[in-house]
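Asks: Residue numbers (mature numbering (1 follows the signal peptide of the UniProt record, and there is no 0)): -20 to -1, 1 to 92.
Beta carbons: idealized from backbone N, C-alpha and C, even for Gly.
Just so you know, these numbers come straight off a predicted model, no measurement behind them.
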Amino acid sequence: MIRSFVLAGTMSLIAGIAHAEEPIVGNWKTAAGDTAVIASCGGSYCVTLKTGKYAGRKIGTLAGTAGSYAGEITDPAADKTYSGSGKVSGNSLRMQGCVMKVLCKTQTWTRL
């Protein structure tokens, strides 16, 4: 009986760890003051604007783990897509988009 209880508790702990969300998942305030939602989508993380002029528009797809992510970021105002990356540190997300990995623009977003 005790052995079954310990096994069940261990399995619950493992299941909780396996399903823990990545640090990038959640709501973020962009540098422009809009709200972006980052959610799991098909093995990656989709970045969608929820407020502002471009509300409802998907502006990125990133893949990665443990706070470091890479993929594509779209500037909705220019309608251009760049290679991008994101790095989570506490409640800050450093987003970077680059052209040919030389000309880069960086923004810091804040978790809501």
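Tell me where the beta strand (DSSP E) around R91 begins and ends.
Replies: L83 to R91
Asks: Can you check whether the CB of G32 is closer than 9 Å to the CB of A12?
Replies: Yes.
Asks: Applying the criterion that 16 or more other CB atoms from any shown protein chain within 10 Å of the CB defines a buried residue, is S20 buried or exposed?
Replies: exposed
Asks: My parser needs the alpha helix (DSSP H) runs of 4 or more residues fully inside the segment 16 to 41; what are they?
Replies: none
Asks: Do the segment 40 to 47 and the segment 78 to 88 make contact, defined as three or more Cβ pairs closer than 8 Å?
Replies: no
Asks: Shortest alpha-carbon distance to I53 belongs to which of P3, Y62 and K85?
Replies: Y62
Asks: Work out the CA separation of L29 and A35 for me, nearest whole Å.
Replies: 5 Å
Asks: I think K67 touches R74, with their Cβ atoms under 8 Å apart; what is that distance to the nearest whole Å?
Replies: 5 Å
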